[in-house]
Amino acid sequence: MDPITIQMVVMVSSLALGYLMRPKAQKPKPAALSDFDLPVPDEGTPQAVFFGDCWTGDWQVLSFGRFRTRKVKTSSGK
């Protein structure tokens, strides 16, 4: 056999061995509402209302979206 064929066989076998020996991917744990630690204002704290693009030295989170409790279903496009 010529050297190029030997190198190709070694390369293909190395790729196959690497594919078979790779670690299996673990599925990540879905995020729960308790995983988020967002600062919210205390009751009675004055809340500033901005209209348009504004910068402020202080910040507070009044709302942070709708967290779903059900799986999001998507169509396959057919």
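When you line the sequence shown up against the working numbering, it's residues 1 to 78, in that order. All C-beta atoms, glycine included, are put in the ideal place defined by N, C-alpha and C. Every value quoted in this text rests on a predicted model; they were computed, and no experiment measured them.
* To do: Output the distance between the C-alpha atoms of Q47 and D37, rounded to the nearest integer angstrom.
  => Between Q47 and D37, the C-alpha separation is close to 20 Å.
* If you draw a straight line from the alpha carbon of P23 to that of V10, how long is it in whole angstroms? -> Between P23 and V10, the C-alpha separation is close to 22 Å.
* Three-way DSSP call (helix, strand, coil) for Q7 in this model -> Helix at Q7.
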